[in-house]
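Working notes for the structure below.
In the numbering used here, the protein residues as written are 421 to 861.
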């Protein structure tokens, strides 16, 4: 039974109030309380209404938790734009979740528009003290915090000793506090840091960590990773120093740079187990830059390149990347250019190149770019085991947390896609050998 269902039965008769005590997933949000979402989420225009809603929400949550026994809770979630103004209530809710030994705790102090409480309000200070000296009765496995702050770390944060997944989104936290928290997470498998703008030097040393992502932390300068079981690492943002102090089994790496003239190749390092590499290039990649990193991709099986700008003749760098990674089986290009007239580029392709292992090519966001057409012509003739060529005109962009989001439909984009499909059917299709399955969408 959900909170919403329990609330409905409670409205029917007082005899049903005992059902509150059996709800295992305590999800406290507008939907479950039947509260309407404000059509215009502008904080300044609707401040009085938002404050009134917050008061109503707090009252409803207090009523629910008053009826609940606190036993058998698997998931405890609060999703509503609250701040330090509501600290006393939030503290009681967190204490309730900790005392009930909830396995999963999600505290998202924003609405569905990702808008938090008014900016003049101080962010809520999450009470880590509730998870101190918990000994063996804590079952917390997953903790997700958004739009709050972490400050004082208790001496014995034993409540985090079994934590497997930690996600901090728009959390105010400094390096020392993060380091102290991370050192208490002995069983941590997944770590996600997004828009934690006070972090400067992130250092993580954990023997159980398997996956880690750092996304959009504006003040960040460096990341140091010591994790012997780490299999997947993702970074998105401006250029930072990334040191893989110990990452012997890292097999999947995602580096998405967002500023011009910054090259994600500079953050690769020597990773002997690397098999899947995703890189976002804000600017063109020069051939000389590829040659400088030659020898680092010998075991690579899959390569994903996100080209934010037109590469023109620099598209030849894709070939040199493939040359540096002779075992690549799947090549994906996600492109974001606009319609440009087809014209000869006269690219001088390398003679001593064959993609011996390449069997799948995926082009996403194709707009009929002349350099991509030329690249595909070249690869079709130099990939003896190629079996599949997929040309998709719809665009998608990496959002973090291993998720890609498709662009919304617009009339202008439909024109671009119509033109691109025409180029693909007219120019590409006749050149594809019968041994290769071509898909155009």
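We treat Cβ as the ideally placed atom computed from N, Cα and C, and that holds for glycine.
All values derive from a computational prediction rather than experimental measurement.
For residue 652, the three-state DSSP class (helix, strand or coil): Here the question's residue 652 lines up with position 232 in the chain shown. Residue 652 falls in the strand class under three-state DSSP.
Residue 631 - DSSP class collapsed to helix/strand/coil: Start at 1 with the first residue of the chain shown, and residue 631 comes out as number 211. Strand at residue 631.
is_contact[residue 564, chain C] using C-beta, thresh 8 Å: In the structure shown, chain C cannot be found, because there is only a single protein chain.
Host alpha helix (DSSP H) of residue 800 (start-end): One-based indexing of the chain shown puts residue 800 at position 380. 790-802 is the span of the alpha helix (DSSP H), which, as asked, contains residue 800.
Cβ neighbours of residue 651 in the same chain (closer than 7 Å, five flanking residues each side left out): Position 231 of the chain shown, counted from the start, is the residue given in the question as residue 651. Excluding sequence neighbours, residue 651 sits near 630, 631, 669, 670, 671, 672.
Expected contact under 8 Å - CB spacing of residue 765 and residue 732 to nearest Å: For the purposes of this step, residue 765 is taken as the residue at position 345 of the chain shown. For the purposes of this step, residue 732 is taken as the residue at position 312 of the chain shown. Right, their Cβ atoms sit about 7 Å apart.
Host beta strand (DSSP E) of residue 724 (start-end): Taking the chain shown and counting its residues from 1, the one referred to as residue 724 is at position 304. Start and end: 722-727.
Nearest-angstrom Cβ-Cβ length linking residue 880 and residue 699, presumed shorter than 8 Å: Here the chain has residues from 421 to 861 only, and residue 880 is not among them.
Short Cβ contact (8 Å threshold) for residue 749 with residue 776: To locate residue 749, count along the chain shown from 1; it is residue 329. To locate residue 776, count along the chain shown from 1; it is residue 356. With respect to the 8 Å criterion, residue 749 and residue 776 are not classified as neighbours on the basis of their beta carbons.
Nearest neighbour of residue 814, chosen from 738, 517, 754 [CA to CA]: In the chain shown, residue 814 corresponds to position 394, counting from 1. The shortest Cα separation from residue 814 among 738, 517, 754 belongs to 754.
Contacting residues, own chain, Cβ-Cβ under 8 Å from residue 444 (five flanking each side not counted): If you number the chain shown from 1, residue 444 lands on position 24. Around residue 444: 492, 493, 494, 495.
Distance between residue 486 and residue 752 (C-alpha atoms, nearest Å): On the chain shown, residue 752 is found 332 positions in, with the first residue counted as 1. On the chain shown, residue 486 is found 66 positions in, with the first residue counted as 1. If I take the Cα positions, the gap works out to 53 Å.
Residue range of the unbroken beta strand (DSSP E) whose run includes residue 624: Numbered from 1 along the chain shown, position 204 holds the residue referred to as residue 624. It spans 621-625 - the beta strand (DSSP E) in which residue 624 sits, taken as one unbroken run.
Residue 769 versus residue 795 - alpha carbon distance: On the chain shown, position 349 is the one that residue 769 refers to. On the chain shown, position 375 is the one that residue 795 refers to. Straight-line Cα distance between these residues: approximately 9 Å.
Spatially closest choice to residue 566 from 551, 588, 583, by CA coordinates: Within the chain shown, numbered from 1, the residue matching residue 566 stands at position 146. When each option's Cα is compared against that of residue 566, the closest is 588.
Assigned exposure category for residue 701 - 16 Cβ within 10 Å defines buried: Counting from one through the chain shown, the residue named residue 701 turns up at place 281. It counts as buried.
Proximal residues to residue 841 (C-beta, below 7 Å), its chain only, five neighbours per side dropped: Here residue 841 refers to the residue found at position 421 of the chain shown. 813, 860.
Cβ-based neighbour list, residue 706, same chain, cut-off 8 Å, excluding 5 preceding and 5 following: Your numbering for residue 706 matches position 286 in the chain shown. 734, 737, listed in sequence order.
Buried versus exposed, by CB contacts within 10 Å (16 or more), residue 522: Position 102 of the chain shown, counted from the first residue, corresponds to residue 522. That one is buried.
First through last residue of the beta strand (DSSP E) which encompasses residue 755: To locate residue 755, count along the chain shown from 1; it is residue 335. Run containing residue 755: 750-755, per the beta strand (DSSP E) assignment.
Assumed close pair residue 783, residue 810 - CB separation to whole angstroms, cut-off 8 Å: On the chain shown, position 363 is the one that residue 783 refers to. On the chain shown, position 390 is the one that residue 810 refers to. That pair is a contact at about 7 Å.
Sequence-distant residues of its chain with Cβ nearer than 6 Å to residue 780 (five each side left out): Reading the chain shown from its first residue, position 360 is the one you call residue 780. Excluding positions up to five away in sequence, the list reads 750, 808.
Euclidean distance between Cα positions of residue 837 and residue 786: Taking the first residue of the chain shown as 1, we reach residue 837 at position 417. Taking the first residue of the chain shown as 1, we reach residue 786 at position 366. The alpha-carbon atoms of residue 837 and residue 786 are separated by roughly 8 Å.
Extent of the continuous beta strand (DSSP E) to which residue 527 belongs: Numbered from 1 along the chain shown, position 107 holds the residue referred to as residue 527. Segment 524-528, the beta strand (DSSP E) holding residue 527.
Per-residue DSSP class, three states only, for residue 673: As a first step, residue 673 is located in the chain shown; it is residue number 253 there, counting from the start. Strand at residue 673.
Residue nearest to residue 821 in terms of C-alpha spacing, selected from 676, 799, 488, 851: Counting from 1 along the chain shown, the entry for residue 821 is found at position 401. When each option's Cα is compared against that of residue 821, the closest is 676.
Residue 859 - DSSP class collapsed to helix/strand/coil: In the chain shown, the residue the question calls residue 859 occupies position 439. In the structure shown, residue 859 sits in a strand (DSSP, three-state: E or B).
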